[in-house]
Amino acid sequence: DKGEYRHYMLKEIYEQPAVITNVLEGRIHQGQVLEQIFGSNASELFDQVKMVQIVACGTSYNAGVVARYWIEKLAGIPCMVEVASEFRYRATVCMPGTLFITISQSGETADTLSALREAKEQDYLGFLSICNVPGSSLVRESDLSLMTNAGPEIGVASTKAFTSQLVALMLTALILARRNGYAEEEQMVANLQQLSALCEQVLALDPAIQKMAEHFVDKHHTLFLGRGTIYPVAVEGALKLKEISYIHAEAYPAGELKHGPLALVDEDMPIVAVAPNNSLLEKLLANLEEVRARGGKLFLFADSKAQVKPGDDLELITLPDVPTVMAPIIYSIPLQLLAYYVAVLKGTDVDQPRNLAKSVTVE
Ligand code: F6R
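First residue of the sequence shown? That's -10 in my numbering, and the numbers climb one at a time after it.
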């Protein structure tokens, strides 16, 4: 039931503060992530992890790319991420001590499931699934699982499933980080506990984002830019826009602009830049100047740290200041809303975009 909402997608976007609370529910005790939430033999397995291989598709893959940054930074172990449809057909090399993680909303995605089955023929240390559907094939065939508890997701475009995956992946990163002498778990858990309230604040930007969407309706191409952990957020924002508004959207790590895509920039291609305060902000802002100097129109999502003046060539949505590590979760939300409102203005079938299925159970 959509309730007061016009589409399931909007309802699911608005459910995110509650969903984030749900993912954390029963998973934390006295500022620490509980290990048994992954399964009874989890601790023993986690003790032996020397490397992580993540495999997933689509939005779930984008969550995996964010997790790579977290796992390498907090846990100090190498992490690789690959789309399942490539991984399953490649002669992959399994290093000793590698934990194999699949991420899936449905737990029934054919490519992800086949990748897991292929991997089980190799010497992986163990198999963990991050999944939203209890009892799904992926969960049943994995040694360990962490449910994302986002509730049923009806809209084909994944929203709340994505943010819940990110929270679950952060819990996983913290469990691994603990074994690397990571000392800030309590602080990170406190950050997670404040996340739901921050999401509420970001949802309040809805009217401004709805207004911004008007600039995209008659456009055919868009570019999404981010750097570091925000690069996969830009990729996810571009995926949302293309799948429900049918506008071509491409994401680039902003430092790559000068290696090609800068040639595309003109006043007819809106450029969405995601720029929370982090160690790469100055570099990103310099990249944006390159775009501006070539007549590109910028749509910037940033906080108080980005000292930019809105004008004819720059529209700004200001988000609250948030802990750097939480920014990928929080900045995903305005991009979901942007895609949603562009699609609504274009009159597309938001919950059932053409050519797409909610669960891709065929290759
Ligand atoms: C995009 C989207 C898809 C899915 C992908 C994987 O909004 O929903 O890209 O993320 O088909 O599905 P799951 O997560 O069910 O394995």
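Where is the CB? At the ideal position from N, CA and C, for every residue including glycine. None of the values given here were measured: they were computed from a predicted structure.
Inset, instruction - For the segment 205 to 215 and the segment 177 to 186, state whether three or more C-beta atom pairs, one from each stretch, are separated by less than 8 Å. - result: no
Legend entry - Among 325, 121, 62 and 228, the one whose alpha carbon lies nearest that of residue 167: Selected option, being the one with the closest Cα: 62.
Legend entry - Every unbroken beta strand (DSSP E) within the segment 243 to 274, with a cutoff of 3 residues, ordered by chain: Correct list: 260 to 264.
Inset, instruction - Within 10 angstroms of the Cβ of residue 238, are there 16 or more other Cβ atoms? Answer buried if so, exposed if not. - result: Its Cβ being crowded by 16 or more others within 10 Å, residue 238 is buried.
Inset, instruction - Decide if residue 84 is buried, meaning its Cβ has at least 16 other Cβ atoms within 10 Å, or exposed. - result: That one is exposed.
Inset, instruction - Would you mind working out which of 201, 197, 262 and 189 sits nearest residue 214, comparing C-alpha positions? - result: Out of 201, 197, 262 and 189, 262 has the C-alpha closest to the C-alpha of residue 214.
Inset, instruction - Please list, following the chain, all residues that have a C-beta closer than 5 Å to any non-hydrogen atom of ligand 1. - result: 46, 47, 48, 49, 93, 94, 95, 98, 146, 147 and 349
Legend entry - Length at least 4, wholly inside the segment 65 to 129: the alpha helix (DSSP H) runs in chain order: Positions of the alpha helix (DSSP H) runs, each at least 4 residues long and wholly inside the segment 65 to 129, are given as 73 to 76, 99 to 108 and 126 to 129 in order along the chain.
Inset, instruction - Report all residues from its chain with a CB closer than 6 Å to the CB of residue 6; omit the five preceding and five following residues, and keep chain order. - result: 185, 188 and 189
Inset, instruction - Quick one: grab the DSSP three-state call for residue 211. - result: strand
Legend entry - Nearest-angstrom Cα separation, counted from residue 291 out to residue 273: 11 Å
Inset, instruction - With DSSP collapsed to three states, give me the class of residue 351. - result: When secondary structure is reduced to three states using DSSP, residue 351 falls in the coil class, being assigned neither helix nor strand.
Legend entry - Chain-order list of residues whose beta-carbon lies under 6 Å from that of residue 132 (same chain, five-residue window excluded): 115 and 116
Inset, instruction - Round the Cβ separation of residue 156 and residue 23 to the nearest angstrom and send it over; I've been treating them as touching at under 8 Å. - result: Between residue 23 and residue 156 the Cβ distance is about 14 Å, and since that is not below 8 Å, they are no contact.
Legend entry - Collapsed DSSP secondary structure at residue 230 in the structure displayed: Of the three classes helix, strand and coil, the one that applies to residue 230 here is helix, per DSSP.
Inset, instruction - For the alpha helix (DSSP H) holding residue 160, just list the boundary residues, first then last. - result: 149 to 167
Inset, instruction - Using DSSP bridges, identify the partner residues of residue 237. - result: 210
Legend entry - Neighbourhood of residue 58 by C-beta, 6 Å cutoff - its chain only, sequence neighbours within 5 removed: 218
Inset, instruction - Please say whether residue 113 and residue 91 have beta carbons closer to each other than 8 Å? - result: no
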